[in-house]
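Student: Would you mind keeping the following structure in view while I ask a few things?
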Amino acid sequence: AVVSTQSKQWYQRRVSSGINAEYMGSAVFSSPIMRFSFLALTCLVAVALAKRGGGGGRGKCEDGSKPTCSDGSAPARSKPHCPDGGRPTTCADGSTPTRGRGGCAKAARVCCDGSAPVFDGDKSTPPCASGRPVCDVATQC
Numbered sequence: 002a003v004v005s006t007q008s009k010q011w012y013q014r015r016v017s018s019g020i021n022a023e024y025m026g027s028a029v030f031s032s033p034i035m036r037f038s039f040l041a042l043t044c045l046v047a048v049a050l051a052k053r054g055g056g057g058g059r060g061k062c063e064d065g066s067k068p069t070c071s072d073g074s075a076p077a078r079s080k081p082h083c084p085d086g087g088r089p090t091t092c093a094d095g096s097t098p099t100r101g102r103g104g105c106a107k108a109a110r111v112c113c114d115g116s117a118p119v120f121d122g123d124k125s126t127p128p129c130a131s132g133r134p135v136c137d138v139a140t141q142c
């Protein structure tokens with residue numbers, strides 16, 4: 002294929018100016034400042050989305066249900082969650098709502114075989130020989 006002199010000159014200008022001719026659309030990210038700005042913005046968005054969480058921090062009751070307001074009404078999604086301005090703290094089973102994933106303290110967890118889990122800080126070794134540490138062996142194993 003015969004390439005015209007004009008297209009050769011155009012290609013050489015593009016290469017010498019630091020813009021990759023194959024990725025002409027990405028010229029915006031050729032500047033280190035723009036790359037850093039894009040990376041910083043991406044990280045900021047990721048942190049903001051991760052901090053949002055869910056459920057308003059209400060926790061769960063021992064029977065797995067969600068707590069209700071002191072007057073018995075269901076909590077609203079927006080703040081204040083309850084008509085009295087507080088948080089939902091009443092469980093139908095009489096228990097106190099717990100926050101977090103596990104429902105019990107880390108020290109109170111046991112392995113399904115009855116042994117104590119080993120929390121040595123090494124993530125490559127599991128705390129239990131089989132399965133994960135649980136709060137109640139009778140109901141969770």
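Numbering-wise (my numbering), the sequence shown opens with residue 2 and increments by one. Note that CB positions come from ideal geometry on N, CA and C, so glycine has one too. Bear in mind that the values here come from a model prediction, so they are computed numbers and not experimental data.
Buried or exposed for C44, going by 16 or more other Cβ atoms inside 10 Å?
Tutor: exposed
Student: D72: which of P89, S79 and C129 sits nearest, CA to CA?
Tutor: P89
Student: May I ask you to report which of helix, strand or coil DSSP gives G54?
Tutor: Per-residue confidence for G54 stands at a pLDDT of 48, beneath the threshold of 50, marking its modelled position as unreliable; no derived number is given.
Student: At which residues does the alpha helix (DSSP H) containing V138 begin and terminate?
Tutor: V138 to Q141
Student: Tell me whether A22 sits in a helix, a strand or coil according to DSSP, three-state version.
Tutor: Its pLDDT being 46, under 50, A22 is placed unreliably by the model, and the measurement read from it follows with that caveat. The answer is helix: DSSP assigns A22 an H, G or I state.
Student: Determine the direct distance from the alpha carbon of A41 to that of C129, and round the result to whole angstroms.
Tutor: Roughly 39 Å separates the two Cα atoms.
Student: For V119, does the three-state DSSP call read helix, strand or coil?
Tutor: Coil at V119, not helix or strand.
Student: State the beta-bridge partners of V111 as determined by DSSP.
Tutor: V135
Student: So, helix, strand or coil for T97, using DSSP?
Tutor: coil
Student: Go ahead and label T97 buried or exposed: buried means 16 or more other beta carbons lie within 10 angstroms of its beta carbon, across all protein chains shown.
Tutor: exposed
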